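Number of protein chains: 2
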Amino acid sequence: MGSHQKGERGGSSNGSGGGAMVVDKGVDFAQYFCTYAFLYHQKEMLSDRVRMDAYFNAIFENKHHFKGKTVLDVGAGSGILAMWSAQAGARKVYAVEATKMSGHAQTLVKANNLQDVVEVLEGSMEDVILPEKVDVIISEWMGYFLLRESMFDSVICARDRWLKPDGVMYPSHARMWMAPIRSGLGDQKKSDYDGAMNDWDAFMEETKEYYGVDMSALKKPFSEEQMKYYLQTSLWQNLHPHQLIGTAAIIKEIDCLTATVNDILKVKSDFLSSITFENTRLCGFGGWFDVHFRGSKVNPAQREIELTTAPSVDNGTHWGQQVFLLHPPVHVIEGDVISVSFTMDRSKENHRLMEVELGCEIKQSSSKQPPPFRNKYYIE
Amino acid sequence: MGSHQKGERGGSSNGSGGGAMVVDKGVDFAQYFCTYAFLYHQKEMLSDRVRMDAYFNAIFENKHHFKGKTVLDVGAGSGILAMWSAQAGARKVYAVEATKMSGHAQTLVKANNLQDVVEVLEGSMEDVILPEKVDVIISEWMGYFLLRESMFDSVICARDRWLKPDGVMYPSHARMWMAPIRSGLGDQKKSDYDGAMNDWDAFMEETKEYYGVDMSALKKPFSEEQMKYYLQTSLWQNLHPHQLIGTAAIIKEIDCLTATVNDILKVKSDFLSSITFENTRLCGFGGWFDVHFRGSKVNPAQREIELTTAPSVDNGTHWGQQVFLLHPPVHVIEGDVISVSFTMDRSKENHRLMEVELGCEIKQSSSKQPPPFRNKYYIE
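Chains S and H supply the protein sequences, listed in that same order.
Residue numbers for the first sequence follow the UniProt record's numbering, beginning at 1 and rising by one.
Residue numbers for the second sequence follow the UniProt record's numbering, beginning at 1 and rising by one.
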């Protein structure tokens with residue numbers, strides 16, 4: 001579930017070294033969960049046709065996984081996946097939802113005459129107790145660039161506690177992708193940054209002249225704050241496929257049946273990308289994800305379904321892509337090879353937000369090599 | 001300090017009946033304090049010339065209150081008030097700031113060579129321990145419509161613990177005002193609401209047709225959610241004086257030297273307003289505040305300064321005014337009298353946000369009386 005909510009930094013999550021950090025539940029609710037209690041937000045996700053089609057088809061083209069079976073929907077929201085599971089023939093469906101949206105899910109279950117099958121439980125996945133283990137865990141847990149929101153932790157918790165030994169995960173697999181892009185955004189953001197700094201200079205002069213206080217000592221921290229805001233924070237974008245200027249690479253693969261929280265704390269990938277555009281500017285990188293519904297090895301899907309959030313003209317999703325800008329852009333030509341080292345970790349202040357380091361070396365066919373660089377980014 | 005930050009609803013503050021509620025500090029930090037840690041936000045407030053002029057003049061035109069005295073700046077932010085107090089001759093100034101902005105305040109104090117006088121303390125006013133009581137408490141604590149953010153609680157706490165018996169408060173007095181207004185906003189928001197509901201109808205049809213789930217049971221809660229969002233949430237506006245169509249009334253008066261938290265938990269006022277426009281539409285009410293720097297009875301100001309946020313062409317402030325919309329608007333003519341009963345309480349979920357009830361009866365000079373009504377609003 002991609003959410004535009006900015007995870008406000010600050011707060012009191014305590015790091016406890018390796019492994020998942022201890023999270024203050026009140027803070028987590030105030031910062032994260034609360035936007036999902038709004039019907040408007042649920043409607044946005046329910047109106048995403050690509051998302052809806054993928055889950056709908058994954059379920060109804062694979063009824064053998066659901067007929068007469070027990071199902072757990074993690075983070076059920078309005079209950080749509082739970083209701084589809086029931087309509088596909090499930091014997092029993094547990095729909096777990098942490099926010100007051102659970103009340104609306106209950107209303108819908110009743111209105112759609114599925115109350116004999118679907119049981120809505122309000123609470124967090126970590127706290128809820130089910131009366132039995134389940135055959136299927138279904139969840140729409142994906143955030144921007146897959147892992148923003150860190151909701152998969154809750155799915156792992158559900159799986160480890162409630163999935164039967166031969167149970168299946170819906171989706172079964174997930175991958176993160178990156179590719180070099182061209183974009184006018186970098187110029188725009190740099191221009192906004194310059195404007196903010198000019199504004200600051202005028203502000204400093206006025207404060208000195210009219211109010212007798214010298215603010216120049218804060219110019220550097222202000223510029224760092226503005227730089228972070230304009231050029232170091234990843235942006236939500238709906239990229240056009242034409243903006244991809246080089247080959248895309250898979251930077252993370254997750255088997256939803258076996259992945260541990262430890263496996264997903266860090267994303268680390270060194271990859272190469274060949275420029276496929278004749279003559280252009282490398283303006284940054286775009287990141288996206290896909291998930292697949294393949295069932296398990298012992299219990300495979302009859303029809304494998306893919307949900308991709310790659311740049312697309314007609315099949316865009318509410319997730320868009322995440323864009324990491326480079327400024328100034330670098331001139332590249334077809335055949336140039338970009339060597340990227342990408343690292344993504346959870347933010348210490350808020351485990352649902354990410355910090356990225358992106359190192360880049362351009363091996364150009366011409367003799368002139370631009371110097372390698374390493375940038376820091378924040379997924380907020 | 002007016003802040004555009006939406007206090008996200010949800011969270012875990014516990015109500016404990018009458019009196020101030022117990023607030024989870026982590027939640028409070030995540031929801032409220034964190035925006036003040038940004039230099040961009042401090043700069044916005046420091047660029048508000050009306051605000052800056054008022055405090056600057058209040059201090060420097062009343063140096064007798066500061067020369068050789070001790071001062072406490074509550075919620076010091078960048079430290080501007082603390083620095084002015086030192087420049088006005090204070091012997092010692094304690095600048096208390098809860099966020100990491102305190103580090104920047106320290107930098108500025110040093111850069112302006114005031115470190116012998118100004119001591120910056122990072123922490124909340126409720127927790128901090130000072131080495132002595134003070135002669136003056138200065139603070140810029142006012143939120144939208146004065147009380148949003150409920151920061152005055154912290155000033156009261158400071159005053160009760162640290163102000164000497166004959167000490168003075170800067171500002172010394174505060175008042176809330178309301179007046180009937182005309183505005184095109186109500187029509188706009190109603191139109192937005194209608195659009196959202198049409199959108200919902202289309203969404204319901206598609207979800208039923210393509211996905212076999214009937215969402216109609218949620219139409220009513222969705223409409224309530226949208227109504228609240230579009231028409232029942234007070235808006236920040238920079239009203240033009242021409243938009244005031246009737247006499248303004250004082251709905252709350254606060255003596256900063258004696259007010260208790262209990263005094264400010266509830267604002268309740270019944271007032272009358274006479275329409276002063278020949279022929280117009282009553283589209284809602286505007287609310288604003290003013291504060292005064294008068295010193296105390298035993299230790300008065302030499303020059304009394306006023307800071308007002310009333311609608312103004314040239315002297316607008318970052319606080320703007322808060323607008324409570326009426327839809328549909330009511331036709332009124334000069335001489336009509338509006339009888340208003342206004343109540344404002346703190347939100348149970350978040351003590352820094354407000355819930356308003358506004359009852360209205362229009363005594364029209366013509367024989368036709370529109371029915372009285374009572375609306376609920378949210379200051380978010």
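Note that the Cβ used here is the ideal one computed from N, Cα and C, for glycine as well.
Computed from a predicted structure; not experimentally measured.
With DSSP collapsed to three states, give me the class of residue i.
i, result
"residue 148 of chain H", "coil"
"residue 381 of chain S", "Outside the displayed span of chain S (1 to 380) sits residue 381 of chain S, for which this structure offers no information."
"residue 203 of chain H", "helix"
"residue 51 of chain S", "helix"
"residue 225 of chain S", "helix"
"residue 62 of chain S", "coil"
"residue 339 of chain H", "strand"
"residue 167 of chain S", "strand"
"residue 106 of chain S", "helix"
"residue 129 of chain H", "coil"
"residue 274 of chain S", "strand"
Please report how far the alpha carbon of residue i lies from the alpha carbon of residue j, in whole angstroms.
i, j, result
"residue 75 of chain S", "residue 256 of chain S", "16 Å"
"residue 336 of chain S", "residue 148 of chain H", "56 Å"
"residue 106 of chain H", "residue 47 of chain H", "20 Å"
"residue 111 of chain S", "residue 342 of chain H", "40 Å"
"residue 215 of chain H", "residue 277 of chain S", "46 Å"
"residue 93 of chain S", "residue 70 of chain S", "6 Å"
"residue 109 of chain H", "residue 219 of chain S", "15 Å"
"residue 95 of chain H", "residue 135 of chain H", "14 Å"
"residue 11 of chain S", "residue 353 of chain S", "With a pLDDT of only 29 at residue 11 of chain S, under the threshold of 50, the placement of this residue in the model should not be trusted; the figure read from the coordinates follows. Taking the straight line joining both Cα atoms gives about 13 Å."
"residue 416 of chain S", "residue 314 of chain S", "Lying outside 1 to 380, the shown extent of chain S, residue 416 of chain S is not represented and no answer is given."
"residue 128 of chain S", "residue 120 of chain S", "11 Å"
"residue 333 of chain S", "residue 244 of chain S", "13 Å"
"residue 236 of chain S", "residue 211 of chain H", "28 Å"
"residue 282 of chain S", "residue 197 of chain S", "25 Å"
Taking residue i as the query, report the chain S residues whose CB atoms sit under 7 Å from its CB, ordered along the chain.
i, result
"residue 212 of chain H", "87"
"residue 317 of chain H", "In chain order: nothing, as chain S lies at least about 16 Å away."
"residue 56 of chain H", "211"
Flag residue i as yes if its beta-carbon sits less than 8 Å from any beta-carbon of chain H, otherwise no.
i, result
"residue 126 of chain S", "no"
"residue 4 of chain S", "In this predicted model, residue 4 of chain S has a pLDDT of only 46, less than 50, meaning its place in the structure is not dependable; the value taken from the coordinates is given anyway. Output row for residue 4 of chain S: interface = no."
"residue 383 of chain S", "Because chain S spans 1 through 380 in this model, residue 383 of chain S falls outside it and cannot be assessed."
"residue 149 of chain S", "no"
"residue 101 of chain S", "no"
"residue 80 of chain S", "yes"
"residue 52 of chain S", "yes"
Kindly indicate if chain S contains any beta-carbon less than 8 Å away from that of residue i.
i, result
"residue 92 of chain H", "no"
"residue 112 of chain H", "yes"
"residue 40 of chain H", "yes"
"residue 380 of chain H", "no"
"residue 233 of chain H", "no"
"residue 207 of chain H", "yes"
"residue 285 of chain H", "no"
"residue 83 of chain H", "yes"
"residue 271 of chain H", "no"
Quick one: what's got a C-beta closer than 7 Å to residue i's C-beta in the same chain, skipping five residues either side?
i, result
"residue 89 of chain H", "63, 66, 67, 68"
"residue 227 of chain S", "193"
"residue 52 of chain H", "46"
"residue 159 of chain H", "137, 169"
List the residues of chain S that residue i touches, going by C-beta distances under 8 Å, in chain order.
i, result
"residue 203 of chain H", "43, 46, 47"
Given that residue i touches chain S, what residues does it touch there, using C-beta distances under 9 Å?
i, result
"residue 217 of chain H", "104, 107, 108, 110, 111, 112"
"residue 226 of chain H", "39, 40"
"residue 152 of chain H", "Result: empty, since nearest Cβ-Cβ is about 22 Å, beyond 9 Å."
Could you pull out every residue in the same chain whose Cβ sits closer than 6 Å to the Cβ of residue i, ignoring the five residues on either side in sequence?
i, result
"residue 328 of chain H", "none"
"residue 151 of chain S", "141"
"residue 114 of chain S", "83, 86"
"residue 359 of chain H", "341, 374"
"residue 339 of chain H", "272, 361"
"residue 309 of chain H", "288, 289, 317, 319"
Can you list the residues of chain H that residue i reaches, using a CB-CB cut of under 8 Å?
i, result
"residue 343 of chain S", "None at all; the shortest Cβ gap to chain H is about 25 Å."
Of all Cβ atoms in chain C, is any one closer than 8 Å to the Cβ of residue i?
i, result
"residue 371 of chain H", "Although the question refers to chain C, the structure presented lacks it and instead comprises the protein chains S and H."
I want to verify the contact list: residues of chain H whose CB lies under 7 Å from the CB of residue i, in sequence order.
i, result
"residue 66 of chain S", "The premise fails here: residue 66 of chain S is roughly 14 Å from chain H at the closest Cβ pair, so nothing lies under 7 Å."
Which residues in the same chain have their Cβ closer than 8 Å to the Cβ of residue i, if we skip the five residues on either side of it in sequence?
i, result
"residue 259 of chain S", "152, 156"
Output, in chain order, the set of chain H residues within a Cβ distance shorter than 9 Å of residue i.
i, result
"residue 221 of chain S", "39, 103, 104, 107"
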